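Read the structure below first, then the notes.
Residue numbers (the numbering used here), protein chains in the order written: chain A, -18 to 276; chain B, 12 to 302.
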């Protein structure tokens, strides 16, 4: 403390040393408090999902006692549709991620590097559509799915509509990324006689790995957790995604909530594992468009 | 007359080939959908009944509808007005704390972000249970409140859940913004004899303004469209105390005995316009307060 006071000129004013003294403890207290608030609900969910269904409102505890695997057994065996939901969600999330990332990268590259008539108009239209609330397009999307494309109540229909509605953000993110990639490598490829397609697939895509991963992870998270569009487009329980199935669980099996909690962890676990493995890309993806894009 | 070279033509062709999948998907399900939505908003229809033109009367029907006027709009405005400032200030404080050179920073960052990767359905399921009459929260607080089944507490409870789930993401955005401020600026200010409060006021805040704008915009767009948590936790009840704008659109378009998708479209269009106007006002406000 003495050191700090010596290092700081008196001109800083009398109130400063006090703040300096309490600053670190105050910050730690805040951070620890919010950590508990953020993590405890999950931990309690895990704990109670390993307890008998009669204990669902037992006094709070940090460890499951009495312990049982019954809820998980019931969820995986007694509900015929549960494995289907897992499969549907996996199919949807993987195909939606792959399609969105690949096509958005292609479009982003065109917007960032090529000159063609209509470029600015198209880019601004796509960009501007990011401002539109998804809700405003839901009625026509539903109408098209039912009347035109007849893919209502299918996973591929859900994939097509979700990917199409989420292109804008992906294209914007990839455009921003490609704009700041140095042109040297491409120019070398052009001099060697490579065309646009060869250059894109051989030179640009490998280079764009971090951006592709960041967008891929955001897309996986978004589609894996998607709810509203599935609610509108999917109708029969065997075609449900996991979030939609869980929503149904929550209302139909309110009396056996331990099972609902166990089921809900199947939705959280994969995304948490991905989050822990690829944390850096989550952060990049989120901050990238927000800041470097300059709102 | 200008002659277009072969190379230029090749570039145009390549560009439109690269853009084709996006233009096709976006063109149908966003652009065309928006145009159709505008047309639908002047009609009344559902899947069994083809669109019938009502014109501007459809909007008047929406605005005069008691569910819209008495529940959906006030509830949504309350929701936005409470959630956006609280989540913005909380996330800024936490970002500021994490920006100090504290130990275990990465741990805190991970913990804070956890709620943001979880699906809204799972969050809803967890909190329905935590806020149940005999749930953990009542047990810990020694209370006996039926949080989600009481017209006074239902909407505030959903506000709390939403603040809980979004603060982490916004904190990350603020943290990146704070770390982008060059430390030389603080050093220069210190040499000029600026106090810590003056530094915050004249260095941090102005440089963070675009980030604040971004976070508030995200918050406004997100909160105006609150739906998932409402659906999972209360379905708009009890007694429409959590009936919000988007939930009402869903209700009109899909849940009623005789759905009216035209009326739902008009309400959706009003929402899009409202979000746009509020965002613009907010932008003017944040830019206007330039120091």
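Glycine included, C-beta positions come from ideal geometry on N, C-alpha and C. Keep in mind that this is a model prediction, so the values were computed, not measured.
Original post:
Which of helix, strand or coil does DSSP assign to residue 56 of chain B?
Top reply: Sequence index remark: in the second chain, residue 56 of chain B carries index 45 (1-based). Three-state DSSP puts residue 56 of chain B in a strand.
**OP:** Using alpha carbons as the reference points, say which of A:57, A:120, A:68 lies closest to residue 43 of chain B.
**Re:** For the purposes of this step, residue 43 of chain B is taken as residue 32 along the second chain, with counting starting at 1. Residue 43 of chain B has its Cα closest to that of A:120, out of A:57, A:120, A:68.
Original post:
Per DSSP, what kind of secondary structure is residue 44 of chain A in: helix, strand or coil?
Top reply: Position 63 of the first chain, counted from the start, is the residue given in the question as residue 44 of chain A. In the structure shown, residue 44 of chain A sits in coil (DSSP, three-state: anything other than H, G, I, E or B).
Original post:
What residues from the segment 242 to 260 of chain B come within 8 angstroms of chain A, judged by C-beta to C-beta, listed N to C?
Top reply: For the segment 242 to 260 of chain B, the set of residues with a beta-carbon nearer than 8 angstroms to any beta-carbon of chain A comprises 242, 243, 257, 260, in chain order.
Original post:
Identify the residues that DSSP records as bridge partners of residue 64 of chain B: which are they?
Top reply: If you number the second chain from 1, residue 64 of chain B lands on position 53. Answer is B:54, bridged to residue 64 of chain B.
Subject >> Under 7 angstroms by beta carbon: chain A residues contacting residue 126 of chain B >> reply: Mapped onto the second chain, residue 126 of chain B falls at position 115. Those are 19, listed as they occur along chain A.
Subject >> Cβ shell of residue 87 of chain B (< 7 angstroms), same chain only, five flanking positions each side left out >> reply: Mapped onto the second chain, residue 87 of chain B falls at position 76. Same-chain partners within the cutoff: 235, 255, 256.
Original post:
Rounded to a whole number of angstroms, what is the C-alpha to C-alpha distance between residue -9 of chain A and residue 206 of chain B?
Top reply: Numbered from its first residue, the first chain carries residue -9 of chain A at position 10. Numbered from its first residue, the second chain carries residue 206 of chain B at position 195. Residue placement at residue -9 of chain A is poorly supported in this model, since its pLDDT is 44, which falls under 50; the coordinates are not used for a value here.
Subject >> Pair within 8 angstroms by beta-carbon distance, residue 218 of chain A and residue 229 of chain A >> reply: Residue numbering aside, residue 218 of chain A sits at position 237 when the first chain is read from its first letter. Residue numbering aside, residue 229 of chain A sits at position 248 when the first chain is read from its first letter. Remark: C-beta atoms of residue 218 of chain A and residue 229 of chain A approach each other more closely than 8 angstroms.
Subject >> residue 25 of chain A: contacting residues in chain B (beta-carbon distance under 9 angstroms) >> reply: Here residue 25 of chain A corresponds to residue number 44 of the first chain, with the count starting at 1. Simply 137, 140, 141, 147.
**OP:** Could you tell me the distance, in whole angstroms, from the CA atom of residue 291 of chain B to the CA atom of residue 77 of chain A?
**Re:** Residue numbering aside, residue 291 of chain B sits at position 280 when the second chain is read from its first letter. Residue numbering aside, residue 77 of chain A sits at position 96 when the first chain is read from its first letter. Rounded to the nearest whole angstrom, the C-alpha separation of residue 291 of chain B and residue 77 of chain A is 32 angstroms.
Subject >> Ranges of the beta strand (DSSP E) found wholly within the segment 127 to 192 of chain B, counting only runs of at least 3 >> reply: The segment 127 to 192 of chain B contains no whole beta strand (DSSP E) run of 3 or more residues.
Subject >> For residue 116 of chain B, the three-state DSSP class (helix, strand or coil) >> reply: As a first step, residue 116 of chain B must be located in the second chain, where it is residue number 105. Helix, per DSSP.
Subject >> For residue 102 of chain B, three-class secondary structure by DSSP >> reply: Position 91 of the second chain, counted from the first residue, corresponds to residue 102 of chain B. It is helical.
**OP:** Taking only the alpha-carbon atoms, compute the straight-line gap between residue 253 of chain A and residue 49 of chain A and give it to the nearest angstrom.
**Re:** One-based indexing of the first chain puts residue 253 of chain A at position 272. One-based indexing of the first chain puts residue 49 of chain A at position 68. Taking the straight line joining both Cα atoms gives about 23 angstroms.
Original post:
For residue 113 of chain B and chain A, any beta-carbon pair shorter than 8 angstroms?
Top reply: Counted from its first residue, the second chain places residue 113 of chain B at position 102. Chain A contact via Cβ: present.
Original post:
Leaving out five residues before and five after residue 155 of chain A in sequence, what residues of the same chain have Cβ atoms less than 6 angstroms from its Cβ?
Top reply: For the purposes of this step, residue 155 of chain A is taken as the residue at position 174 of the first chain. A distance below 6 angstroms between beta-carbons, with the five flanking residues on each side excluded, links residue 155 of chain A to the following residues of its chain, in chain order: 85, 86, 89.
**OP:** Pick helix, strand or coil for residue 44 of chain B, following the three-state DSSP scheme.
**Re:** Within the second chain, numbered from 1, the residue matching residue 44 of chain B stands at position 33. It is helical.
Original post:
Is the beta carbon of residue 248 of chain A sitting closer than 8 angstroms to the one on residue 135 of chain A?
Top reply: Translated into the one-based positions of the first chain, residue 248 of chain A becomes position 267. Translated into the one-based positions of the first chain, residue 135 of chain A becomes position 154. A distance of 8 angstroms or more separates the beta carbons of residue 248 of chain A and residue 135 of chain A.
Subject >> For residue 112 of chain B and residue 154 of chain B, the rounded distance between their alpha carbons >> reply: Residue 154 of chain B sits at position 143 when you count from the first residue of the second chain. Residue 112 of chain B sits at position 101 when you count from the first residue of the second chain. In a straight line, the C-alpha of residue 154 of chain B is about 40 angstroms away from that of residue 112 of chain B.
**OP:** Identify the continuous alpha helix (DSSP H) that holds residue 205 of chain A and give its terminal residues.
**Re:** Residue numbering aside, residue 205 of chain A sits at position 224 when the first chain is read from its first letter. First-last of the alpha helix (DSSP H) with residue 205 of chain A: 190 to 206.
**OP:** Answer with yes or no whether the minimum CB distance from residue 211 of chain B to chain A is below 8 angstroms.
**Re:** Indexing the second chain from 1 puts residue 211 of chain B at position 200. Cβ-Cβ to chain A under 8 angstroms: no for residue 211 of chain B.
Original post:
Would residue 191 of chain B be called buried (16 or more neighbouring beta carbons within 10 Å of its own) or exposed?
Top reply: What you label residue 191 of chain B is simply residue 180 of the second chain in a count that begins at 1. In summary, residue 191 of chain B is exposed, with fewer than 16 beta-carbon neighbours lying within 10 Å of its beta-carbon over all protein chains present.
**OP:** Leaving out five residues on either side along the sequence, give the residues of the same chain with a beta carbon under 8 angstroms from the beta carbon of residue 69 of chain A.
**Re:** As a working note, residue 69 of chain A is residue 88 in the first chain. These residues qualify, in order along the chain: 136, 220, 221, 222, 223.
**OP:** Using a threshold of 8 angstroms, state whether the C-beta atoms of residue 7 of chain A and residue 81 of chain A are closer than that.
**Re:** Within the first chain, the letter at position 26 stands for residue 7 of chain A. Within the first chain, the letter at position 100 stands for residue 81 of chain A. The answer is no: Cβ separation not under 8 angstroms.
Original post:
DSSP three-state call for residue 164 of chain A: helix, strand or coil?
Top reply: Position 183 of the first chain holds residue 164 of chain A. Three-state result, residue 164 of chain A: coil.
**OP:** Could you check if residue 67 of chain B is buried or exposed, using at least 16 other CB atoms within 10 Å of its CB as the buried criterion?
**Re:** Against the second chain, residue 67 of chain B aligns to sequence position 56. By the 16-neighbour rule on beta-carbons within 10 angstroms, residue 67 of chain B is exposed.
Original post:
Quick one: which chain A residues come within Cβ less than 9 angstroms of residue 170 of chain B?
Top reply: For the purposes of this step, residue 170 of chain B is taken as residue 159 along the second chain, with counting starting at 1. Per Cβ cutoff of 9 angstroms: no residues; residue 170 of chain B is ~15 angstroms from chain A at best.
**OP:** Closer than 7 angstroms by beta-carbon distance: list the chain B residues that pair up with residue 241 of chain A, in chain order.
**Re:** On the first chain, position 260 is the one that residue 241 of chain A refers to. Per Cβ cutoff of 7 angstroms: 136.
**OP:** Step through the CB atoms of chain A and report whether any lies within less than 8 angstroms of the CB of residue 262 of chain B.
**Re:** If you number the second chain from 1, residue 262 of chain B lands on position 251. No, residue 262 of chain B does not count as interfacial toward chain A.
Original post:
Using the C-alpha atoms, what's the distance from residue 38 of chain A back to residue 145 of chain B?
Top reply: For the purposes of this step, residue 145 of chain B is identified with residue 134 of the second chain, where counting begins at 1. For the purposes of this step, residue 38 of chain A is identified with residue 57 of the first chain, where counting begins at 1. Within the model, the alpha-carbon separation for residue 145 of chain B versus residue 38 of chain A is close to 6 angstroms.
Subject >> Inter-residue spacing [alpha-carbon to alpha-carbon] between residue 97 of chain B and residue 98 of chain A >> reply: The count along the second chain starts at 1 and reaches residue 97 of chain B at position 86. The count along the first chain starts at 1 and reaches residue 98 of chain A at position 117. Per the coordinates, the alpha-carbon of residue 97 of chain B lies some 45 angstroms from the alpha-carbon of residue 98 of chain A.
**OP:** Kindly indicate if chain B contains any beta-carbon less than 8 angstroms away from that of residue 12 of chain A.
**Re:** For this step, residue 12 of chain A is matched to residue 31 along the first chain. Taking Cβ atoms only, chain B reaches closer than 8 angstroms to residue 12 of chain A, which makes this a yes.
Subject >> Host alpha helix (DSSP H) of residue 173 of chain A (start-end) >> reply: The count along the first chain starts at 1 and reaches residue 173 of chain A at position 192. Run containing residue 173 of chain A: none; DSSP gives neither H nor E here.
**OP:** Write down every uninterrupted run of the alpha helix (DSSP H) in the segment 185 to 249 of chain B whose length is 4 residues or greater and which is fully enclosed by it, in chain order.
**Re:** The qualifying runs are 194 to 202, 207 to 210, 216 to 235, 239 to 244.
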